[in-house]
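Asker: Protein chains in written order, with my numbering: chain A, 20 to 447; chain B, 81 to 173.
Take this structure first; my questions come after.
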C-alpha cells in the first residue's frame with residue numbers, strides 16, 4: 020500500500036471530522052474503522068451542543084440527522100419515594116440557531132461517513148488497527164491485518180479505550196476513579212406520543228437528568244433524551260463506586276429499577292426497547308487527559324479524554340468534532356513544512372488552547388473533584404425532597420408556619436456540610 | 081433490586097460473532113482477587129464464576145465498553161476489541 024499523508028483510526032465523530040476537513044484541503048487521508056460500518060461502535064447519551072460546532076463544516080449541518088432540538092432542560096432530584104424537578108423552558112431554544120440537538124450516534128456517524136466519502140476521503144471498515152509502526156518512538160503509520168500502512172501522521176480517533184494512545188506511550192494506566200460507565204436503552208415511541216407526553220412542539224426535545232437515590236449512593240445520574248421516534252433512557256455510574264459497591268449490584272439492575280420508577284414508567288409506556296448499549300467516559304477533566312500529540316501522532320475526541328461533566332451539562336460530541344477539525348488543521352500546517360515531528364504537531368495543542376476546548380477544560384478543572392462529592396448523590400436530593408414534602412403537607416394536625424418548617428429542616432445535620440459544599444462550588 | 085435477565089437486553093442487539101474470544105483472564109491472578117468486581121460491573125454479564133472458582137468469559141455478549149479493564153486491580157484481564165468487523169453492531173447508538 021502506498022504511503023498516505025494521514026491515517027485516521029476510527030470513523031467516529033472526531034475521526035470523521037478530521038477526515039472531512041483533510042479531504043476538503045485535498046490531503047490524502049485514509050480512515051480505518053474496526054466496525055462493520057462507521058457508527059457500528061458509536062454510542063452517546065446523548066445531546067450535541069450546536070453553537071460550538073456551527074462554523075465547523077457549516078454546509079453539512081443543514082442536512083445532518085439531528086433528532087430533536089432541545090427546548091426543555093429538566094433537573095430531577097430523586098429520593099426513594101419522591102422526586103423534585105426543576106424544569107427550564109426557554110422560548111429562545113425554539114428558533115434557529117438551535118442551542119443543542121439530541122442525537123443517535125450510530126445513525127449520525129453513518130450519515131457523516133457518507134458525506135466524508137463524497138468529499139473524496141477513503142474509509143475502510145471492518146479493519147482493526149493492531150499496532151502502530153514505531154521507529155525509535157516516532158509514529159510512522161499503522162499495521163492492519165498484518166499489512167503496513169505508512170503515513171506521515173496517525174490521528175488516533177479510536178475512542179475512550181484508545182489502544183493507540185497506550186501504544187504510543189501517551190497515556191497512563193486507566194484508573195477507576197477517572198471514568199464512568201453509561202448504560203442505556205433506546206425505546207421506540209411515536210413522535211406524537213413523545214410530543215404529547217413531554218408537552219413538546221414538532222421536532223422539539225427535552226433533556227432530563229436525575230440525581231439521587233437511583234444510583235444507590237454511587238457517583239452517577241440517570242438521563243433521558245427524546246429522539247425523533249424514540250427515547251434514550253439510561254444511567255451513568257462512576258466506575259470506582261460501581262466496583263466497590265456493597266452489596267454488589269449490576270449496572271443493568273440499576274437501569275431496570277430506574278425504569279420502574281413511577282416517574283419514568285408512564286413516560287415509556289407502550290414503548291418497545293430496541294437497543295441496549297454501554298459506553299465508558301472520562302470523568303477526570305483536564306487532569307486525566309493523556310498527552311495529546313507526539314512524533315507523527317495526534318489524539319482526538321474520546322481518545323484524548325475530551326468529555327466534560329459539570330453536573331448541569333454533559334459534553335463530548337462538540338469537543339470531538341472540533342478537536343478532529345483542529346487536528347486536521349495541524350496536519351495541513353505540518354504538510355506545508357513536510358515536518359510531522361512533535362515540534363510541529365504541537366500546533367494542534369496550541370489550537371486547542373486557543374479554542375473553547377482547552378479553555379473550558381481549564382475553567383472547569385475543579386469540577387471532577389467537586390462533583391465526586393457523595394452528598395450530591397445521597398443526602399442532598401433526599402434533603403430537598405423531604406423539605407418539599409414537609410412544605411407541601413396538609414395533615415390532620417394544625418400546620419406550622421412555613422418558615423418554621425424550613426428552619427426545623429435546616430437544623431438538620433446536613434445544613435453545615437451543605438453550606439460548605441455550596442461554598443466549594445464557587446470553583447465550578 | 082429489580083430482577084433483570086441480561087439475556088433479554090442483549091437480545092435487542094445485533095452481533096457478528098467471532099470464533100475466538102477477544103477477552104482473556106489470567107486465572108492465577110483471579111484466584112488472588114477477593115472482590116472479583118468484574119462479575120458485577122460488566123453491563124453485559126460477560127464474566128461469571130464456575131464451581132471450581134474459575135472465571136468464565138462469555139465474550140459473545142461483550143459491549144466493548146472497557147469497564148472490566150478499568151476496574152481490574154490485579155491486571156488479570158487481557159483486553160482488546162474484537163477482530164475488525166466482529167462484535168456488537170449498534171444501529172441507533
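Think of the CB as a built atom: it goes at the ideal place given N, C-alpha and C, for glycine as much as any other residue.
(1) Give me the DSSP bridge partner(s) of residue 313 (chain A).
(2) So which residues on chain B does residue 180 (chain A) lean against when the C-beta distance must stay under 9 angstroms?
(3) Less than 9 angstroms between CB atoms is the rule here; does residue 249 (chain A) satisfy it with respect to chain B?
(4) By DSSP, does residue 223 (chain A) sit in helix, in strand, or in coil?
(5) With a threshold of 6 angstroms on Cβ separation, who are the neighbours of residue 103 (chain A) within its own chain once the five nearest residues in sequence on each side are excluded?
(6) Going by other Cβ atoms of all chains shown within 10 Å of its Cβ, with 16 needed for buried, is residue 128 (chain A) buried or exposed?
(7) Which residues of chain A have a Cβ atom closer than 8 angstroms to the Cβ of residue 90 (chain B), listed in chain order?
(8) Output needed in chain order: residues of the segment 262-276 of chain A with a Cβ under 7 angstroms from some Cβ in chain B.
(9) Hey, does residue 322 (chain A) have any beta-carbon neighbour from chain B nearer than 9 angstroms?
(10) Considering Cα atoms alone, identify which of B:111, B:124, B:143, B:123 is closest to residue 131 (chain B).
(11) Let me check understanding here. Comparing Cα to Cα, which of A:413, A:315, A:196 lies closest to residue 299 (chain A)?
(12) Counting pairs of beta carbons, one from the segment 321-338 of chain A and one from the segment 171-181 of chain A, are three or more of them closer than 8 angstroms?
(13) Taking DSSP's pairing of strands, which residues face residue 50 (chain A) in a bridge?
(14) Interface residues of chain A around residue 93 (chain B) at Cβ under 9 angstroms?
(15) Give the straight-line distance between the Cα atoms of residue 388 (chain A) and residue 416 (chain A), rounded to the nearest whole angstrom.
(16) Interface residues of chain B around residue 205 (chain A) at Cβ under 7 angstroms?
(17) By the three-class DSSP mapping on this structure, what secondary structure does residue 283 (chain A) have?
(18) Taking the C-alpha atoms as reference points, what is the distance between residue 49 (chain A) and residue 332 (chain A)?
(19) Could you tell me whether the Cβ of residue 145 (chain A) comes closer than 9 angstroms to any Cβ of chain B?
(20) Quick one: residues in its chain with C-beta nearer than 8 angstroms to the C-beta of residue 146 (chain A), no 5 flanking neighbours on either side, listed in chain order?
(21) Going along chain B, which residues have a C-beta under 9 angstroms from residue 60 (chain A)?
(22) Kindly indicate if chain B contains any beta-carbon less than 9 angstroms away from that of residue 160 (chain A).
(23) At 4 residues or longer, what runs of the alpha helix (DSSP H) sit wholly inside the segment 103-167 of chain B?
(24) If we call anything under 9 angstroms between Cβ atoms a contact, is residue 231 (chain A) one with residue 396 (chain A)?
(25) Given a cut-off of 9 angstroms on the beta-carbon distance, is the pair residue 126 (chain B) and residue 142 (chain B) in contact?
(26) Are the CB atoms of residue 87 (chain A) and residue 223 (chain A) within a distance shorter than 9 angstroms?
(27) Against chain A, with Cβ distances strictly below 9 angstroms, would residue 135 (chain B) count as a contact?
(28) Is it buried or exposed for residue 400 (chain A), if we count other Cβ within 10 angstroms and need 16 for buried?
(29) Near residue 260 (chain A), what residues of its chain come up, given a Cβ to Cβ distance below 6 angstroms and the 5 sequence neighbours on each side ignored?
(30) Taking residue 203 (chain A) and residue 252 (chain A) to be in contact with their CB atoms under 8 angstroms, please state how far apart those CB atoms are, rounded to whole angstroms.
(31) Have a look at A:295, A:40, A:220, A:326 and flag the residue whose alpha-carbon is nearest the alpha-carbon of residue 307 (chain A).
(32) Would residue 135 (chain A) pass as an interface residue toward chain B - the criterion being a Cβ-Cβ separation below 9 angstroms?
(33) Taking 7 angstroms as the limit between beta carbons, can you name the residues of its chain near residue 63 (chain A), skipping five residues before and five after?
(34) Could you tell me if residue 82 (chain B) is buried or exposed, where buried requires 16 or more neighbouring beta carbons within 10 angstroms of its beta carbon?
(35) Could you tell me which chain B residues have their CB closer than 7 angstroms to the CB of residue 166 (chain A), listed as they occur along the chain?
(36) For residue 143 (chain A) and residue 57 (chain A), which I take to be in contact (beta-carbon distance under 8 angstroms), what is that distance rounded to the nearest angstrom?
Answerer: Considering the structure as presented:
(1) A:316
(2) 144, 145, 146, 149, 150, 159, 161
(3) yes
(4) strand
(5) 96, 403, 404, 407
(6) buried
(7) 295
(8) 262, 267, 268, 269, 270, 271, 272, 275, 276
(9) no
(10) B:111
(11) A:196
(12) yes
(13) A:27, A:142
(14) 294, 295, 296
(15) 45 angstroms
(16) 172
(17) coil
(18) 34 angstroms
(19) yes
(20) 51, 52, 53, 163, 164
(21) 144, 161, 167, 168, 169, 170, 173
(22) no
(23) 107-111, 118-121, 147-151
(24) yes
(25) yes
(26) yes
(27) no
(28) buried
(29) 237, 238
(30) 6 angstroms
(31) A:326
(32) no
(33) 122, 124, 336
(34) exposed
(35) Those do not exist, as residue 166 (chain A) stays about 12 angstroms from chain B at its closest Cβ, beyond 7 angstroms.
(36) In fact, because the Cβ distance is near 10 angstroms, the residues do not count as touching under 8 angstroms.
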